[in-house]
Amino acid sequence: MRMREWIAENIGYRFFGCLYNKSHDHIFDFIEPKIPKDFLHRNIFDLGCGDGTNTVRVQKLFKANEIVGYDHNNFLLKRARKKGLKVKKFDFSKSLPKGEMAAFTFSLHHAFDKEKTLKTAVKKFKYIFICEPCLDLYHWLFDGGEPLPKEKWILLFDEALKKYLIYQYKNNLIVFYKKVKRG
Ligand SMILES: C[S@@+](CC[C@H](N)C(=O)[O-])C[C@H]1O[C@@H](n2cnc3c(N)ncnc32)[C@H](O)[C@@H]1O
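When the letters of the sequence shown are read in order and numbered with the numbering used here, they come out as residues 210 to 392.
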């Protein structure tokens, strides 16, 4: 684990939760009208759910049938549980659960191997929703994970997802992927 990630995981998240997501309403306001209808009313696995603030936003916007948050950080899982969310301890860099819809909000850029995690998600889920930041000066200086520059995210999405819907809002890429049966 990199030094910055260790500080975030053990000091930042422990004492402050996920501070940055307190101001994410405008991002989700952008996302809401873009959600394809068939992404609504799904069973959602929120992978890297953090303190659950964005899990609650995803739950509402996607009118989730059920939502479960997965994270490896005990301090954050405790905070998410206090919001009334169902959560499970899980390391998405090792494996992924199997289900209907996966959500990665500001978490995929923390995966040890983003390509492997995303390709595994494609195998295990029918729907995938992604909202990830692009590398910029702020993230380069302060992020505990490793966001990619926009063009590298696109290369990764093309490689792992092939066909998908993508939007950009400020510095964030928003992706909707649905598995299509071939033949
Ligand atoms: C920037 S936070 C995003 C949290 C939340 N999704 C949000 O939108 O606010 C990144 C989250 O990914 C989690 N995370 C990082 N690596 C992980 C891993 N290997 N397995 C599970 N969770 C992980 C961190 O603990 C943290 O909660």
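Quick reminder that beta carbons are idealized off the backbone N, C-alpha and C, glycines included.
Cα-Cα separation, F457 to F224: No information on residue 457 is available, as it lies outside the stretch 210 to 392 that the chain covers here.
Could you tell me the alpha carbon to alpha carbon distance between D280 and D260, rounded to whole angstroms? About 9 Å.
Determine the contact status of K296 and L286, defining contact as a CB-CB distance below 7 Å. Looking at the sequence shown, residue 296 is not Lys but Val. Yes, they are a contact pair.
So, under 8 Å CB-CB, E355 and F315 are touching, yes? Tell me the CB distance rounded to an integer number of Å. Not confirmed; about 12 Å, so no contact.
Taking the alpha helix (DSSP H) that N189 belongs to, which residues open and close that run? Residue 189 is absent from the structure shown; the chain starts at 210 and stops at 392.
A369 beta carbon less than 7 Å from that of F334: No.
Compute the distance between the beta-carbons of D345 and N380, then report whether it is under 7 Å. Between D345 and N380, the C-beta spacing is below 7 Å.
Spatial distance of F239 from G257 (CA atoms): Near 21 Å, if we compare the C-alpha coordinates of G257 and F239.
I'd like the list of long-range same chain contacts for G226, defined as Cβ closer than 6 Å, with 5 residues on each side in sequence excluded. Here the set comprises D260 and R288.
Which residues in the same chain have their Cβ closer than 6 Å to the Cβ of N230, if we skip the five residues on either side of it in sequence? Hits under 6 Å: T262 and N263.
Whole-Å CB distance - L249 paired with K272, under 8 Å assumed: Right, their Cβ atoms sit about 5 Å apart.
Mapping DSSP to helix, strand and coil, what is F172? Nothing in the structure corresponds to residue 172, since the chain is present only between 210 and 392.
In this structure, how does DSSP classify E214 when only helix, strand and coil are distinguished? DSSP places E214 in the helix class (H, G or I) of the three-state scheme.
Ends of the beta strand (DSSP E) at I244? No residue range can be given for I244, since it is assigned to no beta strand (DSSP E) and is classified by DSSP as neither H nor E.
Please report the straight-line C-alpha distance between L317 and K371, rounded to a whole angstrom. If I take the Cα positions, the gap works out to 17 Å.
How about V384 and I375: do their beta carbons lie closer than 7 Å? Judged by their CB atoms, V384 and I375 are nearer to each other than the 7 Å cut-off.
Indicate the three-state DSSP secondary structure (helix, strand or coil) for Y376 in the structure shown. Note: Y376 maps to strand in three-state DSSP.
So, E218 versus N282, is the Cβ gap smaller than 7 Å? In this structure, E218 sits near N282, with a CB-CB distance shorter than 7 Å.
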